[in-house]
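J.:
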Amino acid sequence: MPYRAVIFDLDGTLLDTLEDLADSMNAVLEQQEYPIHPSSAYRYFVGDGVDMLVRRCLPEGEWDDDQISRYVDAMEEEYSRRWDAKTRPYPGIPELLDNLEKRDFPKAIFSNKPDGFTQLTVKKLLDAWNFHPVRGALPDVPRKPDPAGALAVAAQLGVDPADCLYLGDTNTDMKTALAAGMHPLGATWGFRPAAELQASGARRLLHHPTELLDLL
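Each residue of the sequence shown is one higher than the one before, counting from -16 in this note's numbering.
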């Protein structure tokens, strides 16, 4: 079927943010004298918002909700200092986006990253391309995999959800797309393995960004 728009996840899909996220959270853990984690472990810690990232990084049972709130604030402060130190677009992403621009194909970004960081990140690292809308996590909207945010993005695009491709790299993204009635695509270059994406409902796995063009 002819798709009319594509919605991109941000971290692990358009941008390789893993090292900066890991460095930021590990700095918080070190400050609190908790064990730190290798960067590879963060592939499974991220994807569901900062609150869940913090909870997954802490030793089990050694925290309460007030501590979580403080560590979330600390994580956001650390991340604000180094969020662009190592983060870059994945290979093939600029080529894909250039091609979509030439086709005047509508594209948007929807992330579980806090909206302020999402806007800042896109403005600095993806400003060469036109995304509308760009949407991060907002306090009054449920996070992915709840479909509310994705449906709001489709409404802003003026496109029926069934006509939207949704490209992401985690089970959360696949569940979001399915719940919103969109066409879920799994980005295997991102944080999670292909098997997880397939098991979570990916209609197709992409192994290089430009493979998306075959669907247009």
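Glycine included, every Cβ here is placed at the ideal spot set by N, Cα and C.
#1: Between Gly144 and Gly164, which are expected to be in contact by the criterion C-beta below 8 Å, what is the C-beta distance as a whole number of angstroms?
#2: Would DSSP call Leu4 helix, strand or coil?
#3: Compare the C-beta of Glu43 with all C-beta atoms of chain C and state if any pair is closer than 7 Å.
#4: Answer yes or no: do Gly169 and Leu161 have a C-beta to C-beta separation smaller than 7 Å?
#5: For Leu80 and Leu195, what's the separation of their Cα atoms in angstroms?
#6: Three or more C-beta pairs closer than 8 Å, one from the segment 13 to 26 and one from the segment 63 to 72: is that the case here?
#7: Among Ala137, Arg(-13), Asp98, whose alpha-carbon lies nearest the alpha-carbon of Asp87?
#8: Could you check whether Asp31 and Val55 sit closer than 7 Å to each other, using their CB atoms as the reference points?
#9: What are the boundary residues of the alpha helix (DSSP H) that includes Lys127?
#10: Could you give the uninterrupted runs of the beta strand (DSSP E) lying entirely in the segment 73 to 120, keeping only those of 3 residues or more?
#11: Roughly how many angstroms separate the alpha carbons of Gln102 and Trp46, rounded to a whole number?
T.: Taking the geometry as given:
#1: As written in the sequence, residue 144 is Pro, which differs from the Gly given in the question. About 4 Å separates the two Cβ atoms, so the contact holds.
#2: helix
#3: You won't find chain C in this structure, because it holds only one protein chain.
#4: Judged by their CB atoms, Gly169 and Leu161 are not nearer to each other than the 7 Å cut-off.
#5: 10 Å
#6: Not touching, per the Cβ criterion.
#7: Arg(-13)
#8: For Val55 and Asp31, no; Cβs fall outside 7 Å.
#9: No alpha helix (DSSP H) holds Lys127; DSSP gives it neither H nor E.
#10: Note on the segment 73 to 120: whole beta strand (DSSP E) runs with a minimum of 3 residues are 90 to 97, 117 to 120, in chain order.
#11: 31 Å
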